[in-house]
Amino acid sequence: MRQSELFTKTRREAPKDEVAKNAILLTRGGFIHKEMAGVYSMLPMGLRVLNKIADIIREEMNAIGGQEVFLTTLQDPEIWKKSERWSDEAMDIWFKTELATGTEVGIANTHEEPLANLMRQHISSYKDLPRFTYQIQTKFRNELRAKSGLMRGREFLMKDLYSFVQSEKELEEFHEKCADAYMKVFERCGIGDKTFRTFADGEPFTKFSDEFQTLSDAGEDIIYLDRKKELAVNKEVYTDEVLAELNLKKDDLEEVKAIEVGNIFKLGTRFSEAEGLEYLDEDGKSHPVIMGSYGIGVSRLMGAIVEVLADENGIVWPAEIAPFSVHLLALPGGEKEADKLYEKLLAQNVEVLYDNRQDISAGQKFSEADLIGIPQRVVVSERSLEGGGVEVKARDSDDEKVIDIDAFLNKMTN
Ligand code: ATP
Ligand code: MG
């Protein structure tokens, strides 16, 4: 993409109404546009990142047997009345509205009930199990505070997977499989070394749920981390009794702030019983299906990555989710060669943002490149050409080196 054609502009100044680093940098870099507190539109580069994160999650969920669906945002109250959650005071974040006829409908904040109801059409026998169904869909929540940019949206993208199995053992097995898949997601998103599986309150479904917490001072959660065991406990369940049960020692634990990027719950038969989701076993006996739920805040994850990896000059995107792999900068005397290099990189299917703008100073191009955070910066200038090629620098390093253009192109094919 030629930067001269990109409609978004970067900003030098931080937006006055934002306090969170992710919101400030993503707005300055032209990734997102704030509509109101906790409500952000995705601009071209922001959408590229979000889609890449979603695709990583998709791949990892498909790899453990997930089948993707896309459920509706408008929800039928009758389904929620069966589980007694339509009027549940704990669901105080729920946006609801009315049809023209006056009938109330819900605006999706989660999907246990609609999916359990839907699966009734497709599960009736033990032969129909297990099933793992997921979606990547917008959720709406009337959050009281929304000052954390993408990390706490009133409208945000979530991946929610639901498992349908016959036994506690199978539930447990899938729980572990999904936990491993989650760690793969976080590793591919560049925050694997800062993200820890964390025991948290499992109420109202089970004693514990598993959270995936990314260490950051911007986090809203406090966790107690055992770095050696790579395990943590959320403050909300941090009692002597729980520590003893989990075989964790107070002295080994460090109190740290963290961002909940994902969580998994064993739901049991709470929703299948309410919705009448049952199967017949081999002896023709009927049982409620056992369910689990597995969430990742896709847009929160994008915010968390910015929070955790950015430096004083701007965003630092990990390779797999960067909006582009290469940021090519044409500086005076290098325009012609830069044009040629751009075409060749495109022909090799390399994703390039090409700063071909003519009326922008070198200093400005460099600082915008740092702000936008593409992993590799490649400068073509009179000086670089005299030095033998293009000047290449990784966003997360200070080393610059001039390399031959063909050698660079070769490197980009591998
Ligand atoms: P939190 O405690 O942060 O409000 P939650 O327990 O309500 O999260 P779930 O309902 O289990 O979260 O949602 C699954 C995942 O969706 C969470 O782990 C989190 O990553 C993400 N998420 C939840 N609420 C928001 C929000 N308001 N904005 C962005 N992401 C969110
Ligand atoms: Mg919440």
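Residue 295 in numbering that gives the first Met the number 0 sits at position 296 of the sequence shown; the count goes up by one each step and never skips. No residue lacks a Cβ here, since even glycine has one placed at the ideal position from N, Cα and C. Computed from a predicted model, the values in this text were never measured in an experiment.
*Between the beta-carbon of L340 and the beta-carbon of I373, is there less than 8 Å?*
Your numbering for residue 340 matches position 341 in the sequence shown. Your numbering for residue 373 matches position 374 in the sequence shown. It is not a contact, given that the beta carbons lie outside the stated cut-off.
ask   = So the alpha helix (DSSP H) P76 belongs to, where does it begin and stop?
value = Residue 76 sits at position 77 when you count from the first residue of the sequence shown. For P76, the uninterrupted alpha helix (DSSP H) segment begins and ends at 76–81.
Using a 10 Å radius around the Cβ and a threshold of 16 neighbouring Cβ atoms, would you call S162 buried or exposed? Here residue 162 is taken as the residue at index 163 of the sequence shown, counted from 1. Buried, since its Cβ has 16 or more Cβ neighbours within 10 Å.
Q) Contact between the stretch 183–192 and the stretch 310–321: three or more CB pairs below 8 Å? A) Taking 8 Å as the limit for Cβ pairs, the verdict is that the stretch 310–321 does touch the stretch 183–192.
Three or more C-beta pairs under 8 Å: does that hold for the stretch 354–364 against the stretch 294–303?
By the C-beta criterion, the stretch 354–364 is judged not to be in contact with the stretch 294–303, since fewer than 3 inter-stretch pairs fall below 8 Å.
Take G275 as the anchor and find which of E390, L266, S285 has the nearest alpha-carbon. Taking the sequence shown and counting its residues from 1, the one referred to as residue 275 is at position 276. Of E390, L266, S285, the residue nearest in Cα terms is S285.
>> Measuring only from the beta carbon, is G291 closer than 7 Å to any heavy atom that is part of the ligand ATP?
In response: Within the sequence shown, numbered from 1, the residue matching residue 291 stands at position 292. For the ligand ATP, not one heavy atom lies less than 7 Å from the Cβ of G291.
Are the CB atoms of K33 and T26 within a distance shorter than 8 Å?
On the sequence shown, residue 26 is found 27 positions in, with the first residue counted as 1. On the sequence shown, residue 33 is found 34 positions in, with the first residue counted as 1. In contact: T26 and K33 (Cβ atoms closer than 8 Å).
Subject >> beta-carbon F155 near the ligand ATP non-hydrogen atom, thresh 7 Å >> reply: Stepping through the sequence shown from its first residue, residue 155 is reached at position 156. Between the ligand ATP and the CB of F155, the shortest heavy atom gap is smaller than 7 Å.
Quiz item: Less than 8 Å separating the beta-carbons of E59 and V184?
Solution: The sequence position of residue 59 within the sequence shown is 60, counting from 1. The sequence position of residue 184 within the sequence shown is 185, counting from 1. Less than 8 Å divides the Cβ of E59 from the Cβ of V184.
Alpha-carbon spacing of I56 relative to K158, whole angstroms: Within the sequence shown, residue 56 is the residue found at index 57, counting from 1. Within the sequence shown, residue 158 is the residue found at index 159, counting from 1. C-alpha of I56 to C-alpha of K158: approximately 8 Å in a straight line.
- request: Go through its chain and collect everything with a Cβ distance to E254's Cβ below 7 Å, but skip five positions before and after it.
  value: For the purposes of this step, residue 254 is identified with residue 255 of the sequence shown, where counting begins at 1. Excluding residues within five positions, the ones whose Cβ falls inside 7 Å are I221, Y223.
| said: Is I135 near the ligand ATP - that is, is its Cβ less than 7 Å away from at least one heavy atom of it? | reply: By 1-based counting over the sequence shown, the position of residue 135 is 136. In this structure, I135 has its CB at a distance of at least 7 Å from all heavy atoms of the ligand ATP.
| field | Beta-carbon gap between Y125 and Y278 smaller than 8 Å | value | Position 126 of the sequence shown, counting from 1, holds the residue named residue 125. Position 279 of the sequence shown, counting from 1, holds the residue named residue 278. Yes, they are a contact pair.
| Which first and last residues belong to the beta strand (DSSP E) in which T213 is found? | Walking along the sequence shown from the start, residue 213 turns up at place 214. Note, T213: beta strand (DSSP E), 207–214.
### Task
Using the Cα positions of E281 and S123, report the straight-line distance between them to the nearest angstrom.
Numbered from 1 along the sequence shown, position 282 holds the residue referred to as residue 281. Numbered from 1 along the sequence shown, position 124 holds the residue referred to as residue 123. Straight-line spacing of the CA atoms in E281 and S123 works out to 12 Å.
Query raised in the report: If you draw a straight line from the C-alpha of L330 to the C-alpha of A36, how long is it?
Result: Numbered from its first residue, the sequence shown carries residue 330 at position 331. Numbered from its first residue, the sequence shown carries residue 36 at position 37. Approximately 39 Å, taken between the alpha carbons.
Contacts around A53, its chain only, beta-carbon distance under 8 Å, and the 5 residues preceding and following it disregarded:
Here residue 53 is taken as the residue at index 54 of the sequence shown, counted from 1. Once the five neighbours on either side are set aside, the close Cβ partners of A53 are I135, L156, K158, V297.
Taking 7 Å as the cut-off, is the C-beta of M150 nearer than that to any heavy atom in the ligand ATP? The residue labelled residue 150 in the question sits at position 151 within the sequence shown. Relative to the ligand ATP, M150 has its C-beta within less than 7 Å of a heavy atom.
* Using DSSP with H/G/I as helix, E/B as strand and the rest coil, what is F30? -> Against the sequence shown, residue 30 aligns to sequence position 31. In the structure shown, F30 adopts coil according to DSSP, grouped into three states.
- Straight-line Cα distance separating L128 from Q66: Locating residue 66 in the sequence shown gives position 67, counting from the first residue. Locating residue 128 in the sequence shown gives position 129, counting from the first residue. Spanning the alpha carbons of Q66 and L128 requires a straight line of approximately 13 Å.
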